[in-house]
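Working notes, beginning with the structure itself.
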Amino acid sequence: MTQFQLVLGDSEAGPMRQSWDEAAGDAVSAGLAAWVWGQFPNSRAIQWGTTGQAAIRASNRTPG
1 MTQFQLVLGD
11 SEAGPMRQSW
21 DEAAGDAVSA
31 GLAAWVWGQF
41 PNSRAIQWGT
51 TGQAAIRASN
61 RTPG
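Take the sequence shown: its letters are residues 1 to 64, numbered as in the numbering used here.
This is the structure in structure tokens:
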């Protein structure tokens, strides 16, 4: 199962999440990004701030 996690540089900055939206919410809550609405109905993305080192990582590992 693919899970998602906010990372800063090489460090984990949030818990493993079940969806990209949850990990993106962590980035928004931490002030690293902002929600933006896309050109397609009900599509949204995040716009990263100026940190330049934050990312959302996809992983197939099992939490444990």
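Positions of the beta carbon are idealized from the N, C-alpha and C atoms, including for glycine.
Predicted model, so just to flag it, every value in this text is computed and none were measured.
Query raised in the report: How many whole angstroms separate the CB atoms of alanine 13 and alanine 34, which I take to be in contact at a CB cut-off of 8 Å?
Result: Position 13 of the sequence shown, counted from the start, is the residue given in the question as residue 13. Position 34 of the sequence shown, counted from the start, is the residue given in the question as residue 34. By a beta-carbon distance limit of 8 Å, alanine 13 does not contact alanine 34. Their separation comes to about 17 Å.
**Report entry** glycine 45 in three-state terms, based on DSSP
**Finding:** The residue labelled residue 45 in the question sits at position 45 within the sequence shown. Rather than glycine, the amino acid found at residue 45 in this sequence is alanine. Correct three-state label for alanine 45: strand.
Report task. Using the Cα positions of isoleucine 56 and leucine 32, report the straight-line distance between them to the nearest angstrom. Result -> In the sequence shown, residue 56 corresponds to position 56, counting from 1. In the sequence shown, residue 32 corresponds to position 32, counting from 1. Note on geometry: alpha-carbon atoms of isoleucine 56 and leucine 32 lie some 11 Å from one another.
Query - Residues sharing a beta bridge with tryptophan 37, DSSP - result: Indexing the sequence shown from 1 puts residue 37 at position 37. BP columns for tryptophan 37 point to Arg44.
Query - 8 Å CB neighbourhood of tryptophan 48 in its chain, flanking five on each side removed - result: The sequence position of residue 48 within the sequence shown is 48, counting from 1. Excluding positions up to five away in sequence, the list reads Ala27, Leu32, Ala33, Ala54.
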